[in-house]
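Working notes, beginning with the structure itself.
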Amino acid sequence: MSRASSLARYALWQFRDFVFERGVAILILSFLWGYALIAPLRGAMGSQMSRASPIWPLMLQGASTLVSLSVLIALNGIISSDRKLGYYRFLFSKPVNPVLYYAQAFFVGLIGVVLSMLVLSSLMHTILPIFSIVNFLLYAALIYIAMGGIGFFVSAATRFDWVSLAVVWLGSRILRSLYGPKGDWRSKAVELLPPVHKLDEVANSLIGTGTAHATDVLWLLGYGALFFVLGLALLRWGSLAD
Amino acid sequence: MAGLPATDDAYYRTAALVIEFRNVGKIYKSLLGNSVKAVEEFSLTVVDGEILGIAGPNGAGKTTLIAMMLGYLRPTAGAVEINGLPARQYVERNGIGYLSELIAINPKWRAETALVRFATLAGISRSEIRQRVGYVIDLLGLDEHRDKKVKALSKGNLQRLGLAQALLRDEQILVLDEPTHGLDPVWTQRFRDIVEELRRPDRTILIASHNLDELQRLADRVAIIDRGRLQRVVSTGYENTAPLAGARFRVTLASGHELIRAVFPQAEDAGRGEYDVTVRSIKDLNTALADLIGRGALVASVVPERSVLEQQFREAVGESQ
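Listed in order, the protein sequences are those of chains A and B. Going by the working numbering, the first sequence opens with residue 1, and the numbers climb by one from there. Going by the working numbering, the second sequence opens with residue 1, and the numbers climb by one from there.
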């Protein structure tokens with residue numbers, strides 16, 4: 001049996017781990033969010049709720065935040081946990097390439113997040129028919145690649161990935177708000193930071209209308225993909241043990 | 001022990017090379033710039049069919065060496081090769097049966113499920129997995145624990161589970177780091193039997209242990225390391241002609257106590273019919289014992305005060321300090 005096929009078979013175990021260790025948490029969080037936010041809105045607005053409604057942007061903001069949190073949950077410790085807890089020792093004494101193993105885990109996480117968001121968006125669509133399932137899933141997949149790619153890199157580089165990713169994410173937002181519009185060298189420098197400023201705009205357009213600026217989407221995808229590849233390179237040329 | 005020639009250097013020079021540490025060094029650097037040399041200029045070859053022990057005090061560098069052999073750590077100097085390939089590349093292509101000192105398996109997994117997962121990763125076909133998992137469960141006496149979660153296993157059972165996953169495939173190379181740690185005397189003996197059964201002309205086994213008695217029994221040679229350096233490689237067998245430089249043995253007599261000093265004038269009475277004697281060689285010991293028995297004494301046992309390995313270990317570690 002080839003190494004690739006045995007690793008592919010192991011994807012089912014990785015998916016099972018995702019469901020029990022992360023998927024359940026994402027769904028609980030989603031339902032809590034739905035119960036806390038959507039139910040009162042629905043009660044207040046009744047069937048009159050439309051995209052023109054003043055609470056529609058709040059809905060979009062909430063949905064995009066939920067996607068970001070789901071991605072954080074999905075990728076937290078994807079590599080660093082195995083290193084911290086020593087699980088890598090038995091996993092990678094088998095004929096397994098760690099680069100392929102974690103790349104597969106990343107895509108299993110993508111499927112898991114999209115499926116979780118499918119459950120959530122189906123429910124949302126039932127409550128609010130204007131909420132598009134397809135648009136929401138596209139946004140979730142985009143953010144998984146954009147934000148998850150950076151999370152993957154951070155998890156390959158450090159043991160404290162959740163904290164590090166939060167610092168990178170919030171730090172980028174703060175630095176962009178401070179220096180972004182000035183037009184000097186600092187504003188050019190912050191352009192290299194993760195494109196978190198594009199998230200709100202993309203969320204509004206993609207979830208709301210199903211369209212988005214191609215450059216924004218490519219910038220987000222490219223940034224995430226670049227860091228995902230850098231994470232793979234760290235796995236290839238770095239050490240698994242500390 | 002039916003192993004390889006213990007002291008035949010020519011054999012080790014000409015036998016098929018499996019693992020080669022070539023001038024390997026590893027320096028750990030902290031973020032503050034402090035550095036610790038864990039391994040220095042370490043060179044050693046391990047051949048086909050050999051059981052090699054690795055002994056050393058705590059912090060000697062044993063686990064670091066093994067981590068470099070599995071490709072988990074990159075050497076800062078030199079190279080580790082297995083069958084001519086860089087270590088990590090070999091492991092990714094072929095796998096190694098590895099039991100780590102720290103048994104780290106997800107505590108939420110059940111014992112049998114963990115083995116099925118590892119078997120899947122090891123590339124065992126779907127149709128063979130049940131059979132191989134069943135085999136190692138029987139071999140390591142884990143049947144009554146197969147449905148238990150890993151976190152519910154005792155230290156000894158966890159150790160056996162670790163060993164079970166290392167034996168899932170018919171690996172050419174086995175690396176066992178402190179394999180009997182946490183095992184009771186029954187399973188320690190069983191482990192030794194299993195290792196003897198695993199001995200094969202085309203299989204190489206490395207055992208790192210603090211337990212010199214275990215290495216004396218199992219290994220063909222033992223590499224003694226201290227402070228990250230190879231101090232010496234010791235054969236575990238006794239040789240008739242090899243001088244023992246004043247080795248001490250404890251001789252227990254069932255009868256004929258009055259004869260002991262006629263044969264061993266320097267014998268020290270250790271009580272309960274036991275005497276400590278010092279000899280220059282195994283040949284001298286045997287000549288004296290034959291004389292003693294010839295005079296009518298009944299010898300119940302003869303035990304070295306320290307094994308060859310223990311003697312060498314003390315000398316090697318003492319020298320390095």
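Using N, Cα and C, we set each Cβ at its ideal position, and we do this for glycine too. If you're wondering where the values come from, they're calculated on a predicted model, not measured in any experiment.
### Task
Using DSSP bridges, identify the partner residues of Thr278 (chain B).
Answer by DSSP bridge pairing, in chain order: B:Arg248.
### Query
Nearest-angstrom Cα distance between Met117 (chain A) and Val67 (chain A)?
8 angstroms
### Task
Go ahead and label Pro40 (chain A) buried or exposed: buried means 16 or more other beta carbons lie within 10 angstroms of its beta carbon, across all protein chains shown.
Exposed is the call here.
#### Entry: Element boundaries [beta strand (DSSP E), containing Ala223 (chain B)]
221-226
### Message
Quick check: what's the CA-CA separation for Leu58 (chain A) versus Ala52 (chain A)?
### Response
12 angstroms
#### Entry: For Val229 (chain A), the three-state DSSP class (helix, strand or coil)
DSSP places Val229 (chain A) in the helix class (H, G or I) of the three-state scheme.
### Query
Shortest alpha-carbon distance to Asn211 (chain B) belongs to which of B:Ser30, B:Val36, B:Phe21, B:Phe313?
B:Phe313
### Task
Report all residues from its chain with a CB closer than 7 angstroms to the CB of Leu17 (chain B); omit the five preceding and five following residues, and keep chain order.
Thr45, Val47
### Span separating the alpha-carbon of Tyr275 (chain B) from that of Gly95 (chain B)
51 angstroms
### Task
Would you identify the three-state DSSP class for Phe191 (chain B), choosing helix, strand or coil?
helix
### Query
Any Cβ of chain B within less than 8 angstroms of the Cβ of Lys182 (chain A)?
no
### Query
Are the beta-carbon atoms of Leu230 (chain B) and Ala219 (chain B) separated by less than 8 angstroms?
no
### Message
Using C-beta distances below 6 angstroms, list every residue in its chain close to Gly296 (chain B), excluding the 5 sequence neighbours before and after it, in chain order.
### Response
Gly256
### Query
Along the chain, where does the beta strand (DSSP E) that runs through Ile173 (chain B) open and close?
173-177
### Distance, Ala103 (chain A) Cα to Val113 (chain A) Cα
15 angstroms
#### Entry: Alpha-carbon spacing of Thr180 (chain B) relative to Asn97 (chain A), whole angstroms
When the Cα atoms are used, Thr180 (chain B) and Asn97 (chain A) turn out to be separated by approximately 29 angstroms.
### Message
If you follow the beta strand (DSSP E) that Asn83 (chain B) is in, where does it begin and where does it stop?
### Response
That residue, Asn83 (chain B), is in no beta strand (DSSP E); it is neither H nor E in DSSP.
### Message
Is Thr76 (chain B) close to chain A? Criterion is C-beta to C-beta, closer than 8 angstroms.
### Response
no
### Message
With the cut-off set at 8 angstroms, would you say Ser122 (chain A) and Ile111 (chain A) are in Cβ contact?
### Response
no
### Task
Please specify which runs of the alpha helix (DSSP H), each continuous and at least 4 residues long, are wholly inside the stretch 123-149 of chain B, giving them in chain order.
126-139
### Contact with chain A by Thr241 (chain B), beta-carbon distance below 8 angstroms
Caution is warranted here: a pLDDT of 46 is assigned to Thr241 (chain B), below 50, making its placement in the model unreliable, and the coordinate value is therefore given only provisionally. Between Thr241 (chain B) and chain A, the shortest Cβ-Cβ separation is not below 8 angstroms.
### Query
Are the C-beta atoms of Thr204 (chain B) and some chain A residue less than 8 angstroms apart?
no
### Interface residues of chain B facing Arg3 (chain A) [CB-CB closer than 8 angstroms]
Glu92, Arg93, Gly123
### Interface residues of the stretch 288-303 of chain B facing chain A [CB-CB below 7 angstroms]
none
### Range covered by the beta strand (DSSP E) that runs through Val167 (chain A)
Unbroken run through Val167 (chain A) is the alpha helix (DSSP H), 161-179; no beta strand (DSSP E).
### Message
Helix, strand or coil, according to DSSP, for Thr241 (chain B) in the structure here?
### Response
Residue confidence is low: Thr241 (chain B) scores 46 on pLDDT, short of 50, so the model does not pin down where it sits. Its coordinate-derived value is still stated next. Here Thr241 (chain B) sits in coil by DSSP.
### Query
How would you call Arg186 (chain A), buried or exposed, if buried means at least 16 neighbouring beta carbons within 10 angstroms?
exposed
### Query
In chain order, what residues of the same chain have a beta carbon less than 6 angstroms from the beta carbon of Val91 (chain B), not counting five sequence neighbours either side?
Leu70, Gly71
#### Entry: Contact set for Glu171 (chain B): own chain, Cβ-Cβ below 7 angstroms, skip 5 residues either direction
Gly95, Ile96, Gly97
### Query
Can you name the start and end residues of the beta strand (DSSP E) that Glu20 (chain B) belongs to?
17-29
### Enclosing beta strand (DSSP E) for Glu50 (chain B) [first to last residue]
It is not in any beta strand (DSSP E) - Glu50 (chain B) carries neither H nor E in the DSSP assignment.
### Inter-residue CB distance, Trp109 (chain B) and Lys149 (chain B) (contact presumed, cutoff 8 angstroms)
7 angstroms
### Query
Hey, how far is the Cα of Val19 (chain A) from the Cα of Leu115 (chain A)?
10 angstroms
### Query
Can you give the Cα-Cα distance for Gly151 (chain A) and Asn76 (chain A), rounded to whole angstroms?
7 angstroms
#### Entry: Nearest neighbour of Leu7 (chain A), chosen from A:Tyr139, A:Trp56, A:Ala105, A:Thr158 [CA to CA]
A:Ala105
### Query
Using a C-beta to C-beta distance shorter than 8 angstroms, which residues of chain B count as neighbours of Leu218 (chain A)?
Within chain B, no residue comes near Leu218 (chain A); the closest Cβ sits about 34 angstroms away, beyond 8 angstroms.
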